[in-house]
Each structure stands twice: as C-alpha cells, then as structure tokens.
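Novice:
Protein chains: 2
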Amino acid sequence: MDKNQAVIQELTSILERKGVSSEEIEGMVAIVHPVDFAFILEDLSAEEKIRVFRLLDLETAAAVLAELDEDSTREVVNGLGREEVRKVIGAMSSDDAAATVRMLAEDMGRDAALDLLQRRQKDQVKELLRYGEETAGALMTTNCVSVRLDATAAEGLKTLQGAVQANTVVYVYVVDAAGVLRGVLSIRSLLRAAAETGISEIMKAEPITVPPEMDQEEVARIVKRYSLEAVPVTDPQGKLLGVVTAEAIMDILEQEAGEDLLKMAGAGGVNVFADPVVKRVLLRIPWLIPPLLGGLFVGKLQHTFAELRALEFVSLVLFIPVMMGTAGNVAVQSSTLIVRGLATGEIKIGRIASILYGELRVGALIGLVCGALIGASGLLFVRDAHIGLVVGASMFTAITAAAVNGTAFPLLLHRLKQDPAISAGPFITALNDITATLIYMGVSFGLLRVMR
Amino acid sequence: MDKNQAVIQELTSILERKGVSSEEIEGMVAIVHPVDFAFILEDLSAEEKIRVFRLLDLETAAAVLAELDEDSTREVVNGLGREEVRKVIGAMSSDDAAATVRMLAEDMGRDAALDLLQRRQKDQVKELLRYGEETAGALMTTNCVSVRLDATAAEGLKTLQGAVQANTVVYVYVVDAAGVLRGVLSIRSLLRAAAETGISEIMKAEPITVPPEMDQEEVARIVKRYSLEAVPVTDPQGKLLGVVTAEAIMDILEQEAGEDLLKMAGAGGVNVFADPVVKRVLLRIPWLIPPLLGGLFVGKLQHTFAELRALEFVSLVLFIPVMMGTAGNVAVQSSTLIVRGLATGEIKIGRIASILYGELRVGALIGLVCGALIGASGLLFVRDAHIGLVVGASMFTAITAAAVNGTAFPLLLHRLKQDPAISAGPFITALNDITATLIYMGVSFGLLRVMR
Chain G
1 MDKNQAVIQE LTSILERKGV SSEEIEGMVA IVHPVDFAFI LEDLSAEEKI RVFRLLDLET
61 AAAVLAELDE DSTREVVNGL GREEVRKVIG AMSSDDAAAT VRMLAEDMGR DAALDLLQRR
121 QKDQVKELLR YGEETAGALM TTNCVSVRLD ATAAEGLKTL QGAVQANTVV YVYVVDAAGV
181 LRGVLSIRSL LRAAAETGIS EIMKAEPITV PPEMDQEEVA RIVKRYSLEA VPVTDPQGKL
241 LGVVTAEAIM DILEQEAGED LLKMAGAGGV NVFADPVVKR VLLRIPWLIP PLLGGLFVGK
301 LQHTFAELRA LEFVSLVLFI PVMMGTAGNV AVQSSTLIVR GLATGEIKIG RIASILYGEL
361 RVGALIGLVC GALIGASGLL FVRDAHIGLV VGASMFTAIT AAAVNGTAFP LLLHRLKQDP
421 AISAGPFITA LNDITATLIY MGVSFGLLRV MR
Chain A
453 MDKNQAVIQE LTSILERKGV SSEEIEGMVA IVHPVDFAFI LEDLSAEEKI RVFRLLDLET
513 AAAVLAELDE DSTREVVNGL GREEVRKVIG AMSSDDAAAT VRMLAEDMGR DAALDLLQRR
573 QKDQVKELLR YGEETAGALM TTNCVSVRLD ATAAEGLKTL QGAVQANTVV YVYVVDAAGV
633 LRGVLSIRSL LRAAAETGIS EIMKAEPITV PPEMDQEEVA RIVKRYSLEA VPVTDPQGKL
693 LGVVTAEAIM DILEQEAGED LLKMAGAGGV NVFADPVVKR VLLRIPWLIP PLLGGLFVGK
753 LQHTFAELRA LEFVSLVLFI PVMMGTAGNV AVQSSTLIVR GLATGEIKIG RIASILYGEL
813 RVGALIGLVC GALIGASGLL FVRDAHIGLV VGASMFTAIT AAAVNGTAFP LLLHRLKQDP
873 AISAGPFITA LNDITATLIY MGVSFGLLRV MR
C-alpha cells in the first residue's frame with residue numbers, strides 16, 4: 001500500500017493545482033482505481049469537483065460517482081447540469097443507481113431524485129427502492145445470470161457469454177418456466193459438463209434463499225454461516241428477484257458490528273464526520289439522561305449516608321470511586337461479552353443458565369482479588385483494620401453482583417426482543433452504580449456496626 | 453430460516469436417540485448443510501460424536517469436521533483412530549486442513565498435529581503454516597487457477613475446466629514463465645473472448661496484490677475498499693502464492709470489529725463460551741487494575757476535600773456520582789466514535805484538528821444542557837442557589853473536558869502506533885474520573901469561597 005499511498009499523494013497535488021488538463025486526468029484514470037479517485041476528490045472544493053468531473057469519460061465518471069460520500073455526491077449533482085447527471089447515472093448499474101437515488105432523495109425528495117434517471121433505468125430503480133432500507137431487497141443486484149431448467153450445458157454457457165452487465169458472476173441460477181428458482185450451479189461445473197448434459201443434472205437443487213424483506217444483518221449471517229459467495233433473493237412464490245453478493249455483505253458485516261459498538265457507547269446513529277454539531281448533541285443526549293438520573297439517585301443515597309454518619313463516611317468516601325469504577329468495568333466486560341456472543345450466534349438457547357453461572361464464578365473470583373487489593377489499601381490509607389475488612393468484603397459483594405447484572409441485563413433484553421446493544425452500555429452502568437452503592441453502604445455500615 | 457430451524461430440531465432429536473442407523477444419517481446428510489450438521493453435533497457427547505462420525509461418508513465427514521468448534525474437533529480427533537483421522541483430513545482442501553492442524557497443534561504440539569496428514573498434504577500444509585496467524589498467508593487458499601501469459605483464451609478455458617479442486621473460482625490469474633503474476637481476468641471475459649485471442653489482450657494488468665505477511669485486518673480493508681471478490685497474495689519477487697477470497701474476508705471483518713468492541717470493554721481475547729473460569733479472570737483483571745488505581749487516586753482526592761471542608765462536602769457529595777457518571781459516558785461516546793472512525797478509515801489525516809474542534813463544541817453543548825439540569829436539581833435537593841450555580845458550572849466544565857479527553861486520547865494512541873481500541877475503554881474512564889473530580893472539586897470549592 002505504500003506505493004499506492006505515494007501515487008495518491010502525487011495525484012492529490014496534481015488535482016489541487018488550478019488548471020489541470022484533460023490529458024493529465026486521463027493519465028490518472030489509467031493508473032488510479034475509481035475508489036482512490038473518489039477519495040482524493042472528496043477533499044477538493046465543490047467547484048474543483050465539478051471541474052474535474054467534467055474532464056472524466058462517462059464510464060469513469062459513473063464509477064467515481066458511485067464511490068463518493070454523501071456530501072460530495074450532493075455537491076456534484078447540484079453542480080452539474082441535469083442532463084449531465086442523467087448521463088452519468090445512466091452509465092451506472094441499477095443497484096449503484098438505486099443507492100445514489102436513495103442518497104439524494106433524503107435531500108431533494110424521492111420524485112426529484114428519480115427524475116435524474118433515464119426512463120429505462122427509472123423502472124428498475126423504482127423496483128429496487130420498493131424494499132425498505134437495510135433489507136435483502138435493497139441490497140440485491142438484479143444483474144444475475146439465470147437459465148431455464150430444460151436447457152443444456154451448452155445453452156447455459158451461451159447465456160453466460162451473452163450476459164450484458166459487466167458484474168462478476170459466481171453462480172448461474174436455474175429457473176422453471178414460471179421464473180421459480182429451482183437450482184444453482186457454479187460456472188466451473190457448467191464448463192466441465194459435456195455440451196449436451198441437461199442443466200438439471202448438474203445443478204444443486206433447493207438452494208438456500210432469502211426473502212426481499214429480510215433484514216440485511218440476517219442476510220449477512222446466512223451468507224457467512226454457509227460460506228456462500230452470493231445468495232439468491234426470491235419472492236413468496238419462489239420467483240428469482242435478484243442476488244446479494246458476498247461483496248455487498250462485507251460492508252454490512254463491518255457496519256453492523258460497528259453499530260453495536262456505537263450503541264453500547266450510547267452513540268448509535270451518530271456520524272461524527274458528517275452531521276452538524278447540534279444533531280450530534282441531540283443524538284447523544286437521550287442516552288445520557290437515564291444514567292444521569294441514576295447518578296442523581298446514587299448521589300442522594302450517598303448524601304443520606306453522609307448526613308447520617310458523617311464521621312464514618314469521611315473514611316468510607318475514599319473507596320466509593322474505586323468501588324463504583326471497578327464494579328462498573330466488570331459489568332461492562334460481562335455485558336459486552338454477552339452482546340457479542342448474541343451477535344455472533346455463539347450463545348445458544350439452552351446454555352443461558354450455564355453462562356450465568358460461569359459469569360457468577362468469574363465475578364466472584366475478580367471480586368475476591370479486587371476486594372483483597374482494596375481491603376489492603378484500606379489498611380494502608382486509613383490504618384484501620386475494621387475499615388479494611390468491611391471495604392474488602394463489600395467490594396467482593398458489589399463486584400460479584402456487577403458480573404451477574406452485566407450478564408443478566410442484556411440476556412433479558414434479548415429475551416424481550418429488544419436490541420441488547422442499545423441499552424447494555426450506559427444503562428448497565430447506571431443500574432450497576434445503584435446496586436453497587438447500596439451494597440457498599442449497606443455492607444460497610446452494617447459490618448462496622450457489628451464490629452464496633 | 454424457520455423451516456431450517458424446524459429441520460434442525462427434528463434432526464437433533466434423531467441424533468440424540470441411541471442407535472441411529474447409517475440409513476437415517478444418509479437421509480440427513482442429503483438435506484442438511486454440513487454447517488448445520490456440525491452445529492447439531494457440537495451439542496452431543498464425545499462418544500455420540502464419534503459414533504455419528506463413523507456413519508458419515510468421507511466427503512461429508514471432512515466437510516463437517518472443517519466446521520466443528522475447537523472442543524468438538526479435539527474430541528473427534530482423539531476418539532477416532534489415527535488412520536481414520538488421516539483419511540478424513542486427507543479429504544479436506546489444503547487451507548481447511550491447515551486450519552484444523554493449527555487448531556490441534558495448540559493442544560498436541562505442531563509435529564503431532566502434522567503427523568495426522570498424508571505425506572502429499574503435509575508439504576502443502578507446512579507451507580501454509582509458515583505464515584503467522586492472522587496474516588494474508590495464513591488466510592489464503594492455494595487452490596487458484598493460473599494460466600501462462602502466452603496462452604490463448606481456448607487454452608485458458610481448458611485449464612479452468614481441468615482444475616481439480618472443487619472451490620468456487622472467480623478470477624483466473626495470469627503468470628509469466630517465472631511464476632510472476634502479470635494480470636487477472638474474470639471467467640466471463642474468458643468465455644466471451646474468441647478462442648484464439650491471447651490471454652494478455654483480455655487480462656487486466658497490474659492487479660492489486662498483498663504480501664503474505666500482511667495483517668488480515670489490512671487485507672480485509674483492501675478487499676473491501678476495492679470491492680474485490682478475491683485478492684492474490686504474492687512474494688517480494690511478484691510470484692503468485694495463493695488467493696484470499698471475499699468469503700474468507702467476511703469472517704475477518706466481523707471478527708475485527710468484534711475485537712474492537714471487546715477491547716474497548718477491557719475484555720479483549722476473552723472467549724466466554726470456551727475458556728475456563730480462571731483463564732477468563734486472568735484475561736480480564738489486567739484491564740481492571742489501572743482504572744482501579746485511578747479510582748483509588750480519585751477517592752484520595754475526594755477524601756482530602758472531605759477532611760478539609762467536611763460541611764460543604766456533605767452538600768457537594770450528592771453530585772459526585774452524577775458528575776463522574778455523565779462525564780464518563782460523554783468521554784466513552786467520544787472515544788468510541790473516534791475508534792470506529794479510525795477503524796473504518798473515515799478519519800483522514802489532516803482532519804484531526806477539525807474533529808477535535810467539533811467534539812469540543814459537542815461537549816460544550818452537552819455540558820450546557822447537563823449542567824443546567826443538574827444545577828436545577830441542585831436547587832431542588834439542597835435549596836441553596838450557590839450550590840446549584842457552582843455545581844452547574846463545574847459540571848459544564850467537566851463534561852466539556854471529558855469530550856476533549858475522549859477524542860484526544862484515542863487519536864494520540866493512534867499517532868503513537870498503539871491500538872486505540874485497547875486503551876480507549878477502561879483507561880479513558882480512569883483518566884476522565886481524575887480530570888472530572890479535580891475540575892469539580894476545584895471549581896466548586898473555588899467558586900463557593902468567592903461567593904460566600
């Protein structure tokens with residue numbers, strides 16, 4: 001990638017120079033991938049983007065536009081004339097065109113965005129836009145190769161050779177007269193069969209399929225689970241509608257895992273690089289309010305104890321932050337492991353009891369270690385064996401409870417058909433702060449009273 | 453998937469019955485994918501696994517063994533005779549065999565694991581094992597189709613038809629006499645070319661390649677970035693070694709994003725479903741110690757303030773949990789957004805200043821809202837306008853600082869070539885607790901002194 005980086009840097013400096021010529025652009029197009037070209041363009045001003053775009057040949061312009069981010073796409077579409085845009089989008093495959101229209105529709109409305117298409121393309125794209133965002137239907141490409149059930153291998157090969165769209169093809173799909181998907185075969189089995197062999201003899205019957213409404217996360221899980229390179233999308237009658245490729249799935253897999261990460265941090269849906277500040281604030285504040293109320297409640301608890309037993313409290317206050325912090329971290333560890341296990345499917349139904357028991361033991365052991373450490377430092381700081389003992393004991397209890405909380409809460413959310421990632425982060429912390437404070441104060445004061 | 457679930461459940465009950473016959477197994481093999489078969493097997497006892505395994509035909513046994521989890525693989529290998537194992541592994545492709553050997557080597561040692569291979573396979577697998585785990589070399593399959601630069605399209609097709617291994621093939625690679633990769637072409641362009649066309653005329657020259665030592669995460673990023681279906685692996689001389697497919701990449705992408713999630717929670721490397729309790733504890737405790745020390749330090753700070761000004765402290769203690777909690781959550785939000793942006797490549801060099809400035813403004817706005825809320829509740833709880841004012845003001849400052857901390861810390865780690873995910877979670881919380889407490893105590897006591 002170093003060579004590539006160097007090329008990109010050189011090209012950036014060429015593009016940033018005013019008055020770059022169309023020959024120079026042609027030279028660049030020959031050696032740079034459209035993805036890199038789009039990446040470089042994104043950093044230029046709107047006028048520069050338009051200027052460069054007009055120097056590109058149609059095919060390259062379409063490939064680059066398909067790769068641009070949302071803001072840049074908008075700038076280019078607004079800057080070029082409507083007829084120019086129509087030509088460029090016309091050179092895209094139907095799924096790329098649909099993605100661009102979907103992006104533009106957010107701003108200019110669906111109808112205005114569809115008006116940027118040539119008539120022929122409009123119907124195809126409308127068809128694709130019928131399916132909700134993040135579904136198999138929105139993700140599929142209709143550029144797949146299908147042959148009839150009664151064809152021979154030679155006819156199948158001919159169909160394959162004649163397929164117009166340039167997408168890479170991995171499988172050939174076999175349909176009956178009604179368009180119902182009946183089987184699938186790899187190009188290599190087609191190549192290796194004798195010319196007169198019937199397609200139905202070499203195909204694999206009953207392929208795995210998905211409905212167009214299926215959530216993309218579920219589609220990704222199926223493609224990954226069965227190591228498919230593409231999965232066909234069929235309607236309720238079994239008619240072949242299109243294909244979701246492994247390539248499309250790659251984006252989804254990373255995106256969904258990333259969404260879990262952001263949700264757990266209470267920052268789901270935030271795009272730090274594109275959204276305006278106020279929108280980012282409005283998206284983040286709701287996740288702060290419930291833990292904020294929890295925090296106030298915890299404060300009220302501590303305040304009550306402080307008023308009740310001011311003298312002892314001054315000793316015990318030393319260990320409140322470490323107790324809350326450590327218990328909180330243990331709870332977050334546990335809940336993250338559960339969220340992850342649920343996402344990857346590693347947590348199987350029927351194993352929940354053993355998972356809870358396992359985490360209980362882990363929590364107790366961590367509690368033992370941390371309780372001993374903190375009890376010892378209690379001796380060190382306060383020079384009072386009683387304080388050291390009660391602080392250690394309550395820490396052990398609080399950490400064990402934290403591990404159980406952190407495990408049970410996301411499992412409960414999952415059972416209630418809620419997304420465990422959404423609430424496992426900030427909420428688990430708030431829940432845990434309350435439990436930990438109650439345990440700490442209760443156990444400490446209780447034990448101190450018994451001992452003194 | 454519902455139909456599939458029902459089938460799986462039925463089969464599970466058949467398998468769990470003692471004395472299942474080889475005809476019943478054959479019937480199952482015909483309708484169940486090896487992945488599902490492995491999934492069902494994993495829940496059976498070791499003896500049951502062996503019994504069922506012996507009823508499978510060789511091809512199915514190999515496919516199922518390749519899908520089994522670590523524990524089950526070990527049970528099956530230990531339960532079957534050495535010759536039986538050698539036959540089953542012999543029916544695997546070289547990359548599956550290498551993965552199995554890599555898994556078994558952890559337990560029985562490399563040499564004993566290699567001894568489970570037939571001579572022919574041993575050399576191939578040894579070759580694959582040369583490369584470190586999680587590199588392109590460990591991930592690649594050597595079963596790719598290559599043709600010579602001076603071949604014709606007809607000869608290329610023939611090579612393709614004769615390729616022995618059953619893996620799906622997407623591209624044909626073009627090499628010169630020295631085995632150096634010179635170009636790539638899709639099967640479809642091969643099919644569409646006239647028989648006598650030279651391969652070099654229809655190939656795409658200078659394909660994107662990766663070295664065998666490249667980290668799998670980087671490989672995944674390249675495959676995804678350029679929407680490839682496979683990327684060739686070449687040695688320093690440009691010789692073609694193998695191919696990493698999009699299918700292999702899918703696992704990596706999800707795995708790496710999941711690893712980030714676990715690392716941020718201070719639970720990286722923990723396998724809650726397979727590791728014994730003590731190992732899980734030992735993996736988790738190191739991430740708890742630094743924040744634990746931080747927490748003790750914060751406690752010492754609060755303790756000092758409590759001793760100095762016991763009366764005022766009793767009022768202010770009420771707001772310590774909410775202040776630390778909210779500032780902590782804001783810092784985690786910010787750092788997660790940054791970790792994610794770095795992982796997806798959305799954060800570009802040169803934009804760091806604007807990202808910091810943006811998060812500063814977001815933090816200030818959130819601080820304003822939360823400061824006002826908490827100031828108001830200060831009035832409500834303590835009925836003291838001064839307390840409300842100082843608490844609100846210090847909260848605003850602490851939250852703004854938290855957003856800056858949360859942004860700057862992972863960026864700094866990234867700049868120092870450290871993994872930002874590793875330390876952004878528990879560490880950012882500890883760092884932030886210290887900053888927030890200092891700010892809260894400093895601002896509150898300072899302002900109170902001025903006002904009273």
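Going line by line, the protein sequences match chains G and A.
Okay, so the first sequence: first residue is 1 according to the numbering used here, each after it adds one.
Okay, so the second sequence: first residue is 453 according to the numbering used here, each after it adds one.
C-beta atoms are modelled at their ideal positions from N, C-alpha and C, and glycine is treated no differently.
Let me know if A:S846 comes out buried or exposed under the rule of 16 or more other beta-carbons within 10 Å of its beta-carbon.
Specialist: It is buried - the Cβ of A:S846 has at least 16 other Cβ atoms within 10 Å.
Novice: Candidates G:E134, G:T245, G:L41 and G:A343: which alpha carbon is nearest G:I13's?
Specialist: In the sequence on display, residue 13 of chain G carries Ser and not Ile. Closest by alpha carbon: G:L41.
Novice: Which residue's Cα is closest to the Cα of G:R51: G:A153, G:I202, G:E84 and G:V390?
Specialist: Among G:A153, G:I202, G:E84 and G:V390, the Cα nearest to that of G:R51 belongs to G:E84.
Novice: Does G:H303 come within less than 9 Å of chain A when only Cβ atoms are used?
Specialist: Taking Cβ atoms only, chain A reaches closer than 9 Å to G:H303, which makes this a yes.
Novice: Check the Cβ of G:E229 against every Cβ in chain A and list those closer than 9 Å, keeping chain order.
Specialist: Under the 9 Å cutoff, chain A gives T620, V622, E681, T697, A698 and E699.
Novice: Please go through the segment 628-667 of chain A and give each complete alpha helix (DSSP H) segment of 4 or more residues, from N-terminal end onward.
Specialist: As far as the segment 628-667 of chain A is concerned, its whole alpha helix (DSSP H) runs of at least 4 residues are 639-644 and 651-654.
Novice: I need the straight-line Cα distance from G:V125 to G:T344, nearest angstrom please.
Specialist: The straight-line gap from Cα to Cα measures roughly 33 Å.
Novice: Would you kindly work out how many angstroms separate the C-alpha atoms of G:A353 and G:L185, rounded to a whole number?
Specialist: If I take the Cα positions, the gap works out to 43 Å.
Novice: Below 8 Å on C-beta distance, what does A:K752 contact in chain G?
Specialist: L318 and F381, listed in chain order.
Novice: Could you name the residues of chain A that G:M250 contacts, counting a contact when the two beta carbons are closer than 9 Å?
Specialist: Within chain A, the residues near G:M250 are A672, V675, K676, S679, A698, I701, M702 and L705.
Novice: Just by C-beta distance, which residues in the segment 367-378 of chain G are closer than 8 Å to chain A?
Specialist: Going along the segment 367-378 of chain G in chain order, one finds V369, C370, L373, I374 and S377 with a Cβ nearer than 8 Å to chain A.
Novice: Interface residues of chain A around G:E456 at Cβ under 9 Å?
Specialist: Since the first residue of chain G shown is 1 and the last is 452, residue 456 of chain G is not available in this structure.
Novice: In chain G, which residues lie with their C-beta within 8 Å of the C-beta of A:T525?
Specialist: Those within 8 Å of A:T525 in chain G number zero; the least Cβ separation is about 16 Å.
Novice: Would you list the one or two residues that DSSP bridges to G:G242?
Specialist: Beta-bridge pairing links G:G242 to G:V233.
Novice: Do you know how far the Cα of A:A564 is from the Cα of A:I541?
Specialist: Between A:I541 and A:A564, the C-alpha separation is close to 14 Å.
Novice: Along chain A, which residues have their Cβ under 9 Å away from the Cβ of G:R51?
Specialist: Per Cβ cutoff of 9 Å: no residues; G:R51 is ~22 Å from chain A at best.
Novice: With a 10 Å radius around its C-beta and 16 neighbouring C-beta atoms as the bar for buried, classify G:G258 as buried or exposed.
Specialist: The residue is buried, with at least 16 neighbouring Cβ atoms inside 10 Å.
Novice: Does any residue of chain A have a CB that is nearer than 9 Å to the CB of G:N329?
Specialist: Judged by the 9 Å Cβ criterion, G:N329 is in contact with chain A.
Novice: I want to know whether the segment 300-320 of chain G touches the segment 697-707 of chain A - three or more CB-CB distances under 8 Å.
Specialist: Judged by Cβ distances under 8 Å, the segment 300-320 of chain G makes no contact with the segment 697-707 of chain A, as fewer than three pairs qualify.
Novice: Can you tell me the Cα-Cα spacing of G:L301 and G:L438, whole angstroms?
Specialist: Distance between the alpha carbons of G:L301 and G:L438: 8 Å.
Novice: Does the contact criterion of 3 or more C-beta pairs under 8 Å hold for the segment 546-566 of chain A versus the segment 645-657 of chain A?
Specialist: Contact fails: fewer than three Cβ-Cβ distances are below 8 Å.
Novice: Give a yes or no on whether the C-beta atoms belonging to G:V390 and G:V443 are separated by under 9 Å.
Specialist: Yes, they are a contact pair.
Novice: In angstroms with no decimal places, state the Cα-to-Cα distance between A:A618 and A:R677.
Specialist: In this prediction, A:A618 has a pLDDT of 49, which is less than 50 and means its spatial position is unreliable; what the coordinates show is noted afterwards. Taking the straight line from one Cα to the other gives about 28 Å.
Novice: Just verifying my parser: in three-state terms, what is the DSSP assignment at G:Y173?
Specialist: Correct three-state label for G:Y173: strand.
Novice: Apart from the five residues on each side of it in sequence, which residues of its chain come closer than 6 Å, Cβ to Cβ, to G:V180?
Specialist: Around G:V180: G238 and K239.
Novice: Hey, A:T593 and A:V695: beta-carbon distance below 9 Å or not?
Specialist: Yes, they are a contact pair.
Novice: Nearest-angstrom Cα distance between G:L15 and G:V35?
Specialist: Approximately 16 Å, taken between the alpha carbons.
Novice: Taking C-beta to C-beta, are A:R562 and A:L581 nearer than 9 Å?
Specialist: Closer than 9 Å, so yes.
Novice: Would you list, in sequence order, the uninterrupted alpha helix (DSSP H) runs of no fewer than 4 residues that lie entirely inside the segment 368-449 of chain G?
Specialist: The qualifying runs are 385-415 and 420-424.
Novice: Which residue from A:P872, A:V782, A:V516 and A:V662 puts its Cα closest to that of A:T686?
Specialist: Nearest option by C-alpha distance: A:V662.
Novice: If we cut at 9 Å on Cβ distances, does G:L261 have a partner in chain A?
Specialist: So, interface residue.
Novice: Run through the DSSP bridge pairs and tell me what G:S146 is partnered with.
Specialist: Answer by DSSP bridge pairing, in chain order: G:Y173.
Novice: Fully enclosed by the segment 727-770 of chain A, which alpha helix (DSSP H) runs are 4 residues long or longer?
Specialist: Qualifying alpha helix (DSSP H) stretches, in chain order: 729-760 and 762-768.
Novice: Using the DSSP secondary-structure output, state which residues sit across from G:T135 in a beta bridge.
Specialist: Note: G:T135 sits in a beta bridge opposite G:D215.
Novice: If you draw a straight line from the C-alpha of A:A672 to the C-alpha of G:E256, how long is it?
Specialist: Approximately 16 Å, taken between the alpha carbons.
Novice: Considering just the uninterrupted stretch of the alpha helix (DSSP H) at A:V540, what are its terminal residues?
Specialist: A:V540 -> alpha helix (DSSP H) spans R534 to G542.
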